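So the sequence shown is numbered by our numbering: it starts at 65 and just counts up by one. Data block below; observations after.
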Amino acid sequence: MLLLATGWPPVEVYAQEGWSRVRSSHFTLIGDAQIKEIDSVALRLEQFRASVLRLFDQNLQKPGRQITAIVFKNDAGFIPFKPLYRGSPSEVSGFFHSSDDKSYIVLSLGGRQSDPYRVILHEFAHLLITEIWQRQPTWLNEGLADYFSTFQPGKNAGEIETGLPIVEHARLLQKEKLIPLSTLISVDQGSAYYNDPLLKRLFYAQSWALVHYLLLGNEGKRASQLFNLMRNYSEKKTNEEQFKESFEASPSEIETGFRQYIQRGAFTSVKTTFDRKVEFDQSIETSKAEPAEVLTNLGDLLWRMGRKEEARPYFKKLFEADTENEMAHTPLGILEYRDRNYAEARKHLEKSTALGSTNYLAWYYYSMALQWESSDGSLIISTLPAETEAKMRKALARAIELAPDFPDSYRQMAFINMINDTDLDQGVTMLKRAIALAPEREDFRYALAQIYLRKHDFSEAKIIAADLSKNAGMEEIRSNAIYLLESIEKTEELVKRMKLERVKSEEAAARTLPGRRFEGDQIRGTLIRIDCSDKGLTLTVRSGTRSFKFHAPAERSPVFVRYTTDVPHEIICGPSKSPQLVIITYRKSSDPRSRIEGEPIGVEFIR
């Protein structure tokens, strides 16, 4: 194999023929290893998935996020893609890399390092645990992942082996001072035990040992209690409270037996034979992997690992080979999008979709590129032009058609509705669908709180934002949720104040309507004359068959209001030349013998 000065193969090596593609129910594998070896990897991954779900008594129907496995026949081809440690490739024979929309399993079958499956199964177990239960306490999440990392398929059908000892964990626990159990179960991702390299090793080892003890210690008597904790875990209670409820004992009561279990060091495995064969779809489709597909995946992997400059040559090589190949335009468009070159991204993705791409990510990122290209360069988008909105909706509809279980497309549809303030109920439905597909995605729940706020559904918005402000795993989501809570409170108060002001305004407006401006007794009729004297005004109004007189003393002249331009501004004393329809609001006379009906307060000319 041709090597560069770095000792790494050039891009051209990976553009050659000789790669194969294998598809199973839940994985796509490409590799330069022998087909039968790649098949074996696919079957082992499928068996692991099915076995873990069987142990947890779960039937996970949804496909979850896309998982691609890259299988190298030896370490030489694997080297450029290994995780870097201080600038050099790590001494690993396999790893698992996960992101929101896609995950990669990468391994070498000819590596000289340790079993490649250990770290792969650890991370894959995390993925399964998250898809089943969304959240678990940190000790349990890490302990289970390590427990299942040593999974081995049995020799007989329906048989598996779990709980094989992790030697370095057992040795560390024998020589280090153990973390108090009450502290261990309270560790979260912000704790020093999770972030300090030395403390983290001990935390991982002890979490693995605790899960091992609860599942297999004392002949597995506490296994059902552990499963009960997993099923019922809620962040509304403290970890210690739920530990006590599930195990019917405090951490201190369990700690003695747990420490003895560690000191004995008898971390024996268990072989499980299911009453029926572990069923999983063993159908495998094999085919030749075109160089374009190989380069696309290798470049995409490097980019997702944060090594975009190393990724770019793979995409460039792809584009040079065929400028009309949608597989060339799609990764280049996505790469430009991730570099925030939205105009260039849109051009490539527009070309890819025009060429009839069946890659849902081409359509999804085309929508995203359209969105950000239409922005003013800031991170805030206040509106979307009608033409842009139409293109985005069309692209997202196609993305959903191609990949109905890809949650981000639904989130983006909801975003369009929220920004343009249209059909917010549909936006809620879209976000709930996204959350159902990826319950671990805190950004989806944050977006749902935002759209509830836009709907003025403050109670629902507050419930979600309050939970995220306390329990979100990502610091950015937590801080944003705190700010959102403040916005909800302020907006709710503003809306209440505006409603009150509107009611007052409506009441004031109502009072300005004829007959509503003044308070008192009223009579509607025709003003036929106004008699003026030093003592005041006397109005004569005919209503029906009767005439009524109203007298206002000089010191309390009534208020005259006109609702028609037919009435002159000046009041003319004497008979009305053109009788006007009026509403007289008055205070009744206290003298029942008086010929005066009362004192006029207001005179409203209505026609």
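Just so it is clear, CB atoms sit at the ideal spot from N, CA and C, and this is done for glycine as well. On a predicted model such as this, the values are computed, not experimentally measured, just so you know.
Length of the line joining the Cα atoms of residue i and residue j
i, j, result
"Arg518", "Phe479", "11 Å"
"Val251", "Trp203", "7 Å"
"Ala433", "Ser523", "34 Å"
"Phe331", "His276", "7 Å"
"Gly638", "Arg593", "5 Å"
"Ala513", "Thr452", "25 Å"
"Leu66", "Ile224", "Residue placement at Leu66 is poorly supported in this model, since its pLDDT is 42, which falls under 50; the coordinates still yield a value, given next. Straight-line Cα distance between these residues: approximately 42 Å."
"Pro229", "His90", "28 Å"
"Ile348", "Arg87", "6 Å"
"Lys335", "Ala461", "47 Å"
"Leu60", "Ala426", "The requested residue 60 is not part of the displayed model; the chain covers only 65 to 671."
"Ala385", "Glu414", "19 Å"
"Leu488", "Arg509", "15 Å"
"Arg328", "Asp260", "28 Å"
"Leu280", "Arg286", "8 Å"
"Ser416", "Glu319", "59 Å"
"Ile193", "Asn205", "7 Å"
"Ile660", "Ala616", "10 Å"
"Arg620", "Lys599", "10 Å"
"Asp521", "Glu81", "58 Å"
"Leu185", "Glu556", "48 Å"
"Leu68", "Pro377", "Residue confidence for Leu68 is low, a pLDDT of 44 falling below 50, so the modelled location carries little weight; the figure read from the coordinates is stated next. If I take the Cα positions, the gap works out to 14 Å."
"Gly284", "Leu278", "7 Å"
"Asp179", "Phe112", "15 Å"
"Asn361", "Ser167", "11 Å"
"Thr70", "Arg85", "With a pLDDT of 49 at Thr70, under the threshold of 50, the modelled position of this residue cannot be trusted; read the value that follows with caution. Taking the straight line joining both Cα atoms gives about 29 Å."
"Glu388", "Asp403", "23 Å"
"Ser654", "Ser642", "32 Å"
"Lys219", "Ile169", "25 Å"
"Arg118", "Phe338", "9 Å"
"Arg27", "Ala209", "Outside the modelled stretch of the chain, which goes from 65 to 671, sits residue 27, for which no answer is possible."
"Val77", "Ala356", "13 Å"
"Asp103", "Ser172", "14 Å"
"Gly174", "Phe136", "8 Å"
"Arg199", "Ala536", "10 Å"
"Glu539", "Lys352", "44 Å"
"Lys560", "Lys554", "10 Å"
Rounded Cβ spacing between residue i and residue j (contact assumed at less than 8 Å)
i, j, result
"Leu591", "Leu603", "6 Å"
"Arg588", "Ser611", "Not really, about 14 Å apart at Cβ, beyond 8 Å."
"Ser431", "Gln476", "6 Å"
"Val605", "Gly666", "13 Å between Cβ atoms; not a contact."
"Leu382", "Ala392", "5 Å"
"Gln289", "Tyr297", "Gln289 to Tyr297, Cβ: 13 Å. No contact."
"Ile552", "Ser533", "So it is not a contact: roughly 11 Å between Cβ atoms."
"Val105", "Ala133", "6 Å"
"Gln644", "Val625", "In fact, because the Cβ distance is near 12 Å, the residues do not count as touching under 8 Å."
"Asn484", "Leu448", "6 Å"
For residue i, the residue or residues it bridges with in DSSP
i, result
"Asp595", "Thr602"
"Lys166", "Gln130"
"Val86", "Leu93 and Thr350"
"Val334", "Thr226"
"Tyr149", "Ser152"
"Gln644", "Leu591"
"Ser172", "Phe136"
"His161", "Tyr168"
"His615", "Thr602"
"Glu663", "Arg651"
"Glu668", "Val625 and Ile647"
"Gly638", "Ile594"
"Arg610", "Ser607"
"Gln216", "Glu225"
"Gln586", "Thr649"
Worksheet item: In the region 348 to 420, which residue ranges form an unbroken alpha helix (DSSP H) of at least 4 residues, counting only runs that do not cross its ends?
Response: 355 to 368, 372 to 385, 390 to 402 and 406 to 418
Check your understanding: Any chance the region 419 to 427 sits against the region 402 to 411, with 3 or more Cβ pairs inside 8 Å?
Key -> no
**OP:** Tell me the start and end of each unbroken alpha helix (DSSP H) in the region 434 to 522 that is at least 4 residues and wholly inside, in chain order.
**Re:** 450 to 466, 471 to 483, 488 to 501 and 506 to 518
Three Cβ pairs or more, each shorter than 8 Å: is that satisfied between the region 262 to 274 and the region 236 to 254?
yes
Validate contact between the region 131 to 143 and the region 95 to 115 using beta carbons, cut 8 Å, 3 pairs: yes
| If you pair each beta-carbon of the region 311 to 320 with each one of the region 240 to 251, do three or more pairs fall below 8 Å? | yes
*Check whether the region 365 to 375 touches the region 145 to 163, counting contact only when three or more Cβ pairs, one atom from each stretch, lie closer than 8 Å.*
yes
Self-check item: Every unbroken alpha helix (DSSP H) within the region 255 to 311, with a cutoff of 4 residues, ordered by chain
Solution: 256 to 259, 261 to 280, 287 to 296 and 303 to 311
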